[in-house]
Amino acid sequence: MIRNIRITGTGQLLELSARLRRAGHENIRASFQRRLRRAAEPLRNDLQSAIRDLDIRSEGRRAGKRGGPSPTTRPLRANIADAIRISVRTTGSPGARVWLDRSMLPPDIPAGLVERLNDGRVRHPVFANRRRWTQQNATPGWWVRTVRSHIPRMTSEVERITDDVRRRLE
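If you want it as structure tokens, here you go:
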């Protein structure tokens, strides 16, 4: 199941965010935000690469069955890759978040398709014909596997950033 990944040190980031607000150092706050974004960018880039390189196989056309060009204007994987976003907050619930912006997906991509693609199996109607269905298989876990590989690096990076900002505030 695809979930948002949040880079937070909860207590550390909350305390640091409050200190930044009290101190009023806009340049330190902007630097803090920029560095958090940079810590999350490699994950976003790897997630985009993972979906673009994802091998999706179909059952194949059986003898006597017709085929044709896709009715969509852009490839599925490119649409999903372009919808992966980063948001950074230094107030409220501070941290960086890498997420899939569903509003960036075209309307012809169903809501649960990306989760099913992460599960490794997508069943869908053939060219929107609800009487004919097909199944496509993909390597499961492309989102989860990519996120897990980045967690140690991101955790250490966030700790380093918070320590640096804390030292600058003292």
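-11 is the number of the first residue of the sequence shown in this note's numbering; add one for each residue after it.
Don't be surprised by glycine CBs; every beta carbon is placed ideally from N, CA and C.
Could you give the DSSP three-state label for residue 171: helix, strand or coil?
Not covered by the structure: residue 171. The range shown for the chain is -11 to 158.
On the three-pair Cβ rule with 8 Å, is the region 14 to 28 touching the region 111 to 131?
no
Measuring only the C-alpha atoms, how far is residue 46 from residue 81?
Against the sequence shown, residue 46 aligns to sequence position 58. Against the sequence shown, residue 81 aligns to sequence position 93. For residue 46 and residue 81, the distance between alpha carbons rounds to 42 Å.
Does the beta-carbon of residue 139 have 16 or more other beta-carbons within 10 angstroms, so that it is buried, or is it exposed?
Here residue 139 is taken as the residue at index 151 of the sequence shown, counted from 1. Flag for residue 139 reads exposed.
Using 8 Å for Cβ pairs, my map puts residue 16 next to residue 153. What's the rounded Cβ distance?
Indexing the sequence shown from 1 puts residue 16 at position 28. Indexing the sequence shown from 1 puts residue 153 at position 165. Between residue 153 and residue 16 the Cβ distance is about 6 Å, and since that is below 8 Å, they are a contact.
By alpha-carbon positions, which one of 70, 96, 120 ends up nearest to residue 35?
For this step, residue 35 is matched to residue 47 along the sequence shown. Measuring from the Cα of residue 35, the nearest candidate turns out to be 70.
Measure how close the beta-carbons of residue 42 and residue 126 come, nearest whole angstrom, since I'm counting them as under 8 Å.
Here residue 42 refers to the residue found at position 54 when the sequence shown is read from its first residue. Here residue 126 refers to the residue found at position 138 when the sequence shown is read from its first residue. Between residue 126 and residue 42 the Cβ distance is about 5 Å, and since that is below 8 Å, they are a contact.
For my contact list, residue 67 and residue 97 are in at a C-beta cut-off of 8 Å; report their separation, rounded to the angstrom.
Position 79 of the sequence shown holds residue 67. Position 109 of the sequence shown holds residue 97. Yes, residue 67 and residue 97 are in contact; Cβ-Cβ is about 6 Å, under 8 Å.
Contact check, residue 85 vs residue 75, beta carbons under 8 Å:
Indexing the sequence shown from 1 puts residue 85 at position 97. Indexing the sequence shown from 1 puts residue 75 at position 87. In this structure, residue 75 lies closer than 8 Å to residue 85 by Cβ.
Report the residue from 24, 157, 93, 18 whose alpha carbon sits nearest the alpha carbon of residue 148.
In the sequence shown, residue 148 corresponds to position 160, counting from 1. It is 24.
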